[in-house]
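Trainee: Under the numbering used here, the first residue of the sequence shown is numbered 88, with each subsequent residue one higher.
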Amino acid sequence: MKKMRKLPAIISLLLFIQLLLPVMGVYAAGLQAPTNIKVYERYPGSAVVEWDAVPYSSGYKVYRLSGETKTLAAQPTTNKAFISLKEGTYTFAVSAIVSGQESPLSAPVSIEIIYPEMQAPGNIQSKVERFYDLTLTWDSASYVHYYKIYKVVNGVRTLVTTTEKTTHAFTTMPEGHYIYEITSYNSIFGESEQAARVEADIVYPDMEAPANLKYTVANGNDVTLSWDRSNHANKYNIYKVEDNKRTLVTSTTNLNVTLTNVPEGIHFYEVTSYSYTFKESENAAGIEVPLIHPDVLVPGNLNLSITNGNDGTLTWNKVNYATNYKVYQIIDGSRVLLTQTPYPQLSLPNMEEGNYIYEVTGYSDRFGESASARLEQQVIHPDMQKPEGFSGSVLNVDTLYLKWNKVEYATSYKLYQIINGERKFVSDINNTYTAINNLPEGDYVYEITSYSDRFGESAQASLVEATIIHPEIAAPYVQVYVNQEAKSIALWWDVVDFATSYDIYQVVDGVRTLIQPTPNTRIVFNNMPYGSYTYEVIAHSKYGDSPFSNQVTGNVEPVLEAPEAPKATANGNDVVLSWDPVKDADSYNVYEEVNGERVLVGNTSDESLTLKGLESGEHTYVIVPVSPAGTESSSSSTVIVEVGENDTTAPVTESNVVDTWKREALSVELTATDDLSGVANTYYSLNGTDFIEGTSLVVSEAGVTTVSFYSVDKAGNEEAVKTVDVKIDEAPPVTTSNVTDAWLNESYLLKLTATDDLSGVKETYYSLNGAEYVKGATVFVSNPGVNTVSFLSVDNAGNVEEVKTEEVKIDTVAPETVSNVTDQWNQGEVAVELTATDDLSGVAQTFYSINGVEFVEGTAFAVTEEGINEVSFYSVDNAGNVEEVKTVEVKIDKTVPETVSNVSDQWNQREVAVELTATDALSGVAQTFYSINGSEFVEGTTFTVTEVGVNEVKFYSVDHAGNAEEVKAAEVKIDTEAPETVSNVIDQWNKGEVAVELTATDDLSGIAKTFYSINGSEFAEGKAFTVSEEGVNDVKFYSVDNAGNIEESKIVEVKIDKTAPTVSIDVQSEQELGSTFTLDYLAADNLSGIAVEEVTLNGKAYQKGDQITLDEPGASKLLVTVTDAAGWTTQVEKEFVVYIPATLEVLPKVIKGNKGIFTVKAILPTDLQKYSFDVSSFTLNGVAADPKNNGLQKQAEKGHFKFEREDFDWKKGEVTLELRGYLDNGYLVIAKKTVEVK
């Protein structure tokens, strides 16, 4: 404690000296007034006061002197600027603040404020544009806040507007002579006495009548007038003149106008140009239009075409001026109006048989109805044909697939089954095929007819026969695999044909039990108990079940590992064997090895076995796991034990550790004793680590170290673990305070917090402003200024902390803020400066708010918003003292008007009425101007846009203050023309479905939608579609653009032929060599027609109708290939044999009786006699030639044959004998002879 008292005394002395020296220095020097003070004018109407800094000064006071009166003007830190001073002489003096004391005043300084004289702007210029816009420009003048523009009329000057710029535009001015004067103005220095003067003349041009007026006539009586553009014209007025009286017909901004549906007669029109500014032209362009209405002609080429058997289509040529067509039917001599249509065609679906008479006229809603076109035609319904090519095939064993050729006009087909000779209806079918599933075994007969919902059922039917035979199901062949580790049995087999599922049976003692059905060919049984398992499998199908499969057996047995951690503990003559349990072991056999042999000493289901009364010496034991089935594992563990004298008492161990904190490392000593067998080993552990052998150790780690220890004697007795704690603390405590390096604005309770992680804190001491140290952890500080607090702590191990020092700074007075804002209006943005002072902690932040927004930090900022702006501000010192909010007003006006239009971004079908709406929140809107397509700007807020295309409308407004808005632009889009659509369809036949693509174009608004109709169906939207129906398909289409203009529908024909042509050939299978035949066949195609026919005989090309002479014997091939207009090709091949005719002689010439031999001799043509007869191939009326010996064989090879009469069935009269066979070169020979039989 004596040492602690000495330390604070030294610290106190040093702090006292340190605090005393500055004070002694200041008072030694005395309070000095600021020196080198000066004042100067930075800008007219402002003064800046500067001086040299005074040592140890915390601030200054600037006074304004007037005679004997001094007024405190500011309390800055180094200098002060005064702005917006009035004219006059100003005197200033400055004092310094040192340690709260004010010095004497400095020497005074003076400055005279004299405002400059405002000069008029120079180099004023005027410029007239567009005849009515006047722009004034001039050079800038010094100190100007804004310029005033006056208009001089009869010597009297009237203020027009003010502006900060050096230019101003007057728009859309009336004709006349104008005089303007401009002065410069400063809100402090006033207005210039002199003004800049300029004069200008506004002269309007004369409007000219439109030139080159002409007319055209369309649609019979639509008159279009057109003319050339007139200068300055915003629009054109069109008048009709009757009886010398002019009547306004319409007005347009275009260079043409269309007058629709004009009556017959002579018409006179006049056109004038008009400008919104320069008004209407005095002269007009005139034109005479004689108009005669046309006659509506009779529709030509009236025709009725029939498709689909009885779907009629009336067509005729389009008639000029016709808005629609009237179609009449003559019924019983009376004319009945069927319909009116705008199209030159009319569909008449599903017509009844009979005679029809139609009349068609063209009709115009302007010119009336034409005379009639007449047509008479008979409609006859077709007969339905039976389906050809009816065939049946068996699929998937029990499914019969039937198919047939398509029949024209058929909407469906009727299928019948013939059962026991009776016809039974099966179903109506919409396709040309059908499948009948799940048929039982047996023979089946079916008939098919065609059916039309218009023409009925075909009278004849086509027939087909088929047989269904079910298969036999084979037994599965099963295989097995056992995974002993997973205790699983896997069965698998190959897929059995037609099987839908399988049943797995387990066989136990010859009895099958269903285990599980499965659709798979593999199954796994998991986690099976140990044992033997036998299985069989059967397959199921809809055709029946298979026989049982082969039997398979799987045996599940555990895999037993050797026991882990075998251990033997001897206690005298008793030994305890123990080991870790083995998974799946049911028991353990324990053997002792004696003379190399294993001797069973016991079996146990536990993991230990006690053996008593053993002889002294070394014993070896083997531990073998046994399965639940009683099978020993192939793996085992061995343990060796030494049996000796009996010691049952554990040793005793002591340490030299005592329960106190240390400041340095400690050597720990462990001492163990055992009275019988003696100490074998001593073990210790630090903080729960693994035990290691030893009796001495050093603990040096700071903190609490737990030492655990025990000993084992030579008999294996193990002492219970003991524990002691070694406590070391080498570090002193750490003391902190709640003091921050910030100024405080009230008394402060300083709190000291000491921590020591090990032995703990014992005491804490502090000293305030150099006083004696006292014990404690809290200090109350209340003196304004900077307070010094020193402190330290001591822990329970005796460690002493080094002294720490903190400063507590207290300031309770708020700062003071002033602004440079004056009570006057400003034309542009205002730069505001805020100046704040604080004598102690100093100014930390200054905040301001403009017009009630959130306060932000800053001392200089600009106010730009128009109107009366409220600027609020305050400051905060470094101690957190907050000044009360002050408020000043900043006044500004500078906004231009805003104009919007009703124009939308869409296309229009007709002229558009545009409305412009302008607003100005302050001075209000004076004028609004607009321009169409680059024309001169004219005044107005409503106008009409009529020109086709994208029209650019520009506009702007000017307010009463003269602020001109920037020009805005909008697009007025007008499209009066319908789009144009074309297709990719070409006039040709197609083999299959046709992908139709429609391409629509529109030069202005673009395509919105395209619609199409196939064969009179409802119109659907789309540009790409597929036509698949066979025959001639009518495709109609039209488009609509984004302006809503609808195109007249168009029609094209899509021709599809999906059926190949048919070819039939009637050729005899055998033809005589040298004979001639006509090449003929029948080729037909019901839709696109035959396009190409090709015929070859033995590779040589011919034409239909050719006469062909067969001059080569042997096989011949006739090939006919026919292609229709759609590209379908049918090829038919016929083969026939050209045989060699031979002369046949028969001996005897008259056959008498039915016994004996007769001879026939075949004589070949001379050029073929070199060939031999293939005897084995020859027959006579079906009886084979059979030579009896070699001699007869040789004769037969030359064509001499002998036959037994009894081999033939003879009838009296004439009998024709035919000998046929082949020569050795393969040529067919036929010889015939008629003989007499008696």
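Ideal Cβ placement from N, Cα and C applies to all residues, glycine included. Quick caveat: nothing in here was measured; it's all calculated off a predicted structure.
Take Ala-1000 and list the residues in its own chain whose beta-carbon comes closer than 6 Å to its own, dropping the five residues that flank it on each side.
Mentor: Taken in chain order, the residues that qualify are Thr-1031.
Trainee: Quick check: the Cα distance between Ala-87 and Trp-666, rounded to an integer number of angstroms?
Mentor: Lying outside 88 to 1325, the shown extent of the chain, residue 87 is not represented and no answer is given.
Trainee: What is the C-beta distance between Gly-1201 and Lys-1145, in whole angstroms, given that I count them as a contact (C-beta under 8 Å)?
Mentor: The Cβ separation is near 40 Å, so there is no contact.
Trainee: Is the beta carbon of Lys-322 less than 8 Å from the beta carbon of Thr-339?
Mentor: Closer than 8 Å, so yes.
Trainee: Measure the Cβ-Cβ separation of Val-1326 and Lys-1298 and say whether it is below 8 Å.
Mentor: In the structure displayed, the chain extends from 88 to 1325; residue 1326 sits before or after that span and is not available.
Trainee: By Cβ distance, which residues of its chain are closer than 7 Å to Val-669, with the 5 residues on each side in sequence left out?
Mentor: Excluding positions up to five away in sequence, the list reads Leu-647, Glu-648, Pro-650, Pro-712.
Trainee: Would you tell me roughly how many angstroms separate the C-alpha atoms of Leu-1315 and Leu-1205, rounded to the nearest one?
Mentor: When rounded, the distance between both Cα atoms is 18 Å.
Trainee: From the DSSP output, in three-state form, read off Ala-296 for me.
Mentor: If DSSP states are grouped into helix, strand and coil, Ala-296 belongs with coil.
Trainee: Give the single residue among Thr-1210, Val-1154, Tyr-1168 whose Cα lies nearest to the Cα of Gly-1176.
Mentor: Ranking Thr-1210, Val-1154, Tyr-1168 by Cα distance to Gly-1176 puts Thr-1210 first.
Trainee: Under a three-way DSSP split, which group does Gln-1280 fall into?
Mentor: Looking at Gln-1280 - three-state DSSP - the assignment turns out to be helix.
Trainee: For the structure I just gave you, are there three or more beta carbon pairs, one from the stretch 300-315 and one from the stretch 270-284, closer than 8 Å?
Mentor: The stretch 300-315 vs the stretch 270-284: no contact.
Trainee: Going by DSSP, what residue range makes up the beta strand (DSSP E) through Trp-579?
Mentor: Its beta strand (DSSP E) spans residues 575-580.
Trainee: In three-state DSSP terms, what is Glu-1293?
Mentor: Helix, per DSSP.
Trainee: Strictly by DSSP, which residues pair up with Val-481?
Mentor: Leu-487, per the DSSP bridge assignment.
Trainee: Could you give the DSSP three-state label for Leu-1174: helix, strand or coil?
Mentor: Coil, per DSSP.
Trainee: Mind checking who Val-455 pairs with in its DSSP beta bridge?
Mentor: First, the residue type needs correcting, since residue 455 is Gly and not Val in the sequence shown. The partner list for Gly-455 (beta bridge, DSSP) reads Ser-451.
Trainee: By a C-beta neighbour count over all protein chains shown, 10 Å radius and 16 as the cutoff for buried, is Thr-827 buried or exposed?
Mentor: Exposed, since its Cβ has fewer than 16 Cβ neighbours within 10 Å.
Trainee: Can you give the Cα-Cα distance for Gly-112 and Ala-183, rounded to whole angstroms?
Mentor: At Gly-112, the pLDDT of 41 sits below 50, so the modelled position is not reliable and the matter cannot be decided from this model.
Trainee: Using the Cβ count rule (16 or more neighbours within 10 Å means buried), how would you classify Arg-1307?
Mentor: Buried, by the Cβ-count rule.
Trainee: Would Thr-622 be called buried (16 or more neighbouring beta carbons within 10 Å of its own) or exposed?
Mentor: Per the sequence shown, residue 622 should be read as Tyr rather than Thr. Counting Cβ neighbours within 10 Å, Tyr-622 comes out buried, since at least 16 surround it.
Trainee: Under 8 Å, do Val-821 and Val-744 count as touching if we go by C-beta distance?
Mentor: For Val-821 and Val-744, no; Cβs fall outside 8 Å.
Trainee: Got a sec? Which residues, its chain only, sit under 6 Å from Glu-1232 by beta carbon, not counting five neighbours each side?
Mentor: Cβ within range, chain order: Lys-1248.
Trainee: Would a C-beta distance cut-off of 8 Å place Leu-1310 and Ser-1263 closer than the cut-off?
Mentor: It is not a contact, given that the beta carbons lie outside the stated cut-off.
Trainee: Between the stretch 1120-1129 and the stretch 1082-1093, can you find at least three pairs of beta-carbon atoms closer than 8 Å?
Mentor: Because the criterion of three Cβ pairs below 8 Å is met, the stretch 1082-1093 and the stretch 1120-1129 touch.
Trainee: Going by DSSP in three states, Leu-1251 sits in which element: helix, strand or coil?
Mentor: Coil.
Trainee: Since Ile-418 sits in a beta bridge, which residues does DSSP pair it with?
Mentor: In the DSSP output, where bridge partners are listed per residue, Ile-418 has Ser-421.
Trainee: What do you reckon, are the CB atoms on Thr-410 and Pro-429 nearer than 8 Å?
Mentor: For Thr-410 and Pro-429, yes; Cβs fall inside 8 Å.
Trainee: I need the straight-line Cα distance from Tyr-202 to Tyr-272, nearest angstrom please.
Mentor: One C-alpha to the other measures close to 13 Å.
Trainee: Which same chain residues, not among the five before or five after Glu-295, have their C-beta less than 8 Å away from its C-beta?
Mentor: The answer, listed in chain order, is Ser-317, Asn-318, Ser-360, Ser-368, Asn-370.
Trainee: For Leu-108, which residues from the same chain have a beta carbon less than 8 Å from its beta carbon, with the 5 sequence-adjacent residues on both sides left out?
Mentor: Any reading at Leu-108 needs caution, since the residue's pLDDT is 41, under 50, leaving its predicted position unreliable; the model's value is listed next. Once the five neighbours on either side are set aside, Leu-108 has no close Cβ partner at all.
Trainee: Can you name, in chain order, every residue of its own chain whose Cβ lies under 7 Å from the Cβ of Ser-846, other than the five neighbours on each side?
Mentor: Taken in chain order, the residues that qualify are Trp-748, Asp-816, Asp-882, Asn-883, Ala-884.
Trainee: When the distance is taken between beta carbons, is Asp-584 closer than 8 Å to Ile-558?
Mentor: One point to set straight first is that residue 558 is Pro, not Ile, in the sequence displayed. Cβ atoms of Pro-558 and Asp-584: closer than 8 Å.
Trainee: Kindly list the residues whose CB is nearer than 8 Å to the CB of Val-1237, restricted to its own chain and excluding five residues on each side of it in sequence; keep chain order.
Mentor: Hits under 8 Å: Val-1322, Glu-1323, Val-1324, Lys-1325.
Trainee: So the candidates are Tyr-620, Thr-865, Val-1035; which of them puts its Cα closest to the Cα of Leu-839?
Mentor: The residue with the shortest Cα to Cα distance from Leu-839 is Thr-865.
Trainee: With a Cβ-Cβ cutoff of 8 Å, do Glu-1134 and Glu-1067 count as a contact?
Mentor: For Glu-1134 and Glu-1067, yes; Cβs fall inside 8 Å.
Trainee: Specify, as a first and last residue, the run of the beta strand (DSSP E) that His-319 falls within.
Mentor: Here His-319 belongs to no beta strand (DSSP E), and DSSP marks it neither H nor E.
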